[in-house]
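Here is the structure we will look at, set down as structure tokens.
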Amino acid sequence: MTPDRTILDQTLASAMAAAQGGDGEAYRRLLRDCLPVIAGMARTQGVRPDAVDDVVQDVLLTIHRARATYDPARPFLPWLRAITQRRAIDRMRRAGRRPQEVHDPIAYETRADSGPAPGQGLESRDRARILAEAVAALPEGQRQAVEHLALGERSLDETAELTGRSKGALKVNLHRALKALRRTLGPNPDERTPGHERERGTHDV
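In the numbering used here, each residue's number is its place in the sequence shown (first place is 1) plus 36.
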């Protein structure tokens, strides 16, 4: 890696390691700093400019679900690139397009930016980052229900087996989680619930 790439990798790896240890600020910083990197990787993979934001959102959610699998002793960018390539291929297959072969694993850093003008798509990317942060902040049972049932699209039976929770508890936790997320992600700032305030009945079962 060049010095710049090494610094970027070390910065992201450090933030991920801190996030794995429960540092919420490091996690928010990681998601924010990953946005332009993911977008560049997606464009290099051949994703159409109008679909880049969709891939970015898919990758952010995958990072959230798979963050525990990252080994801080290994470089971060190859791990992120592997996730981005899979999500890009998934998106292009759904759109009926063939993924572009990329032989240089860091080509995204030297490729001309053919995507939208700066500023476009930032709102949707920010929403994805905020969603990932909000899910991460949920109590464990509610977070598991959202990750497996809503995001992972697993069945109640599969999720019960994976988490060791009853199907009834999973249903209740999912209901409470979605209610909490609606409050946190309300369209108006006044509708959002401060992180230190918890609505009665939002605990796990």
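Ideal Cβ placement from N, Cα and C applies to all residues, glycine included.
The model shown is predicted, which means the values in this text are computed figures rather than measured ones.
In the three-state reduction of the DSSP assignment, Tyr63 falls in the helix class, which pools H, G and I. About 5 Å separates the Cβ atoms of Val91 and Ala124, confirming a contact at the 8 Å cut-off.
The residue from Glu183, Thr199, His239 with its alpha-carbon nearest to that of Arg212 is His239. If you check the CB distance, Arg64 and Glu183 do not come in under 7 Å. With respect to the C-alpha of Leu96, the residue from Leu71, Gly204, Arg127 having the closest C-alpha is Leu71. When rounded, the separation of the alpha-carbon atoms in Val171 and Leu113 is 24 Å.
Per DSSP, Glu176 is one residue of the alpha helix (DSSP H) stretching across 176 to 181. Straight-line spacing of the CA atoms in Arg101 and Ala186 works out to 12 Å. At a Cβ-Cβ threshold of 7 Å, Leu67 and Arg165 count as neighbours. In this structure, Leu44 is the residue among Leu44, Leu167, Pro85 with its C-alpha nearest to the C-alpha of Asp69.
In this structure, the beta-carbon distance from Met77 to Arg117 falls below 7 Å. C-alpha of Ala109 to C-alpha of Gly57: approximately 14 Å in a straight line. Ser50 and Thr42 have their C-alpha atoms roughly 12 Å apart. Every unbroken stretch of the alpha helix (DSSP H) spanning 4 or more residues and falling wholly within the stretch 186 to 214 is given here in chain order: 192 to 199. In this structure, Ile74 lies away from Thr98, with their beta-carbon atoms at least 7 Å apart. CA-to-CA, the gap between Gly177 and Asn209 works out to about 6 Å.
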